[in-house]
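Asker: The working numbering applies: residue 8 is where the sequence shown begins, and numbers increase by one. No residue lacks a Cβ here, since even glycine has one placed at the ideal position from N, Cα and C. Let me begin by handing over the structure; questions about it come next.
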Amino acid sequence: VVGMTRSQWRSEGKLRSLGVPDSFEEFALAIHVYTLQEPSIYEVVNKVMFSPDRRVQGGGISEALRACVPYIRFLDEALRRLPERFIHVGRVYRGVKWVFPSPERHDPVAYFKAGATILWYEFKSTSTNSEVMSRPYFCGHQAG
Numbered sequence: 008v009v010g011m012t013r014s015q016w017r018s019e020g021k022l023r024s025l026g027v028p029d030s031f032e033e034f035a036l037a038i039h040v041y042t043l044q045e046p047s048i049y050e051v052v053n054k055v056m057f058s059p060d061r062r063v064q065g066g067g068i069s070e071a072l073r074a075c076v077p078y079i080r081f082l083d084e085a086l087r088r089l090p091e092r093f094i095h096v097g098r099v100y101r102g103v104k105w106v107f108p109s110p111e112r113h114d115p116v117a118y119f120k121a122g123a124t125i126l127w128y129e130f131k132s133t134s135t136n137s138e139v140m141s142r143p144y145f146c147g148h149q150a151g
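Okay, structure coming up:
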């Protein structure tokens with residue numbers, strides 16, 4: 008997948024057409040691979056990052072997480088090095104497929120305080136369109 012994408016991008020001058028230097032190719036490929044549906048790299052990586060077994064006794068990390076760490080670090084660096092014009096500044100919406108603290112007392116506004124910093128254990132998809140949150144496959148359970 009990566010080899011074919013790299014060849015196609017080079018023949019089409021894809022990165023240059025986006026105003027991204029050729030030296031960013033490896034980072035761009037890491038981001039691209041993460042977005043693929045098949046093979047679903049994001050599912051594997053997020054499952055390992057979110058797993059309650061990601062930590063092992065003694066403070067280490069699981070073998071599965073250790074195997075993903077080089078890619079996670081490289082992807083994180085790729086996202087940090089994105090040219091500024093590709094970085095959204097402003098409100099984004101995040102779908103959450105579970106309810107807080109229970110279906111009967113679901114209250115995300117109370118759980119997620121405005122302006123608070125929230126750290127997720129895995130990469131999360133967001134949207135600038137709040138209507139995306141009403142789609143069942145994105146958010147899951149609908150309170151009420």
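Under 8 Å, do Arg101 and Thr133 count as touching if we go by C-beta distance?
Answerer: Here residue 101 refers to the residue found at position 94 when the sequence shown is read from its first residue. Here residue 133 refers to the residue found at position 126 when the sequence shown is read from its first residue. Result yes, Cβ atoms of Arg101 and Thr133 sit closer than 8 Å.
Asker: By Cβ distance below 6 Å, which residues in the same chain neighbour Glu70 in space, the five residues on each side in sequence not counted?
Answerer: By one-based count along the sequence shown, residue 70 stands at place 63. Correct list: empty, nothing qualifies.
Asker: State buried or exposed for Arg17, treating a residue as buried only when at least 16 other CB atoms are found within 10 Å of its CB.
Answerer: For this step, residue 17 is matched to residue 10 along the sequence shown. By the neighbour-count rule (16 or more Cβ atoms within 10 Å), Arg17 is not buried but exposed.
Asker: Let me know the secondary structure DSSP gives Ile79 once reduced to three states.
Answerer: For the purposes of this step, residue 79 is taken as residue 72 along the sequence shown, with counting starting at 1. If DSSP states are grouped into helix, strand and coil, Ile79 belongs with the helices.
Asker: Out of Leu36, Ala117, Pro110, Val99, state which residue places its alpha-carbon closest to the alpha-carbon of Met140.
Answerer: Taking the sequence shown and counting its residues from 1, one reaches residue 140 at position 133. Measuring from the Cα of Met140, the nearest candidate turns out to be Val99.
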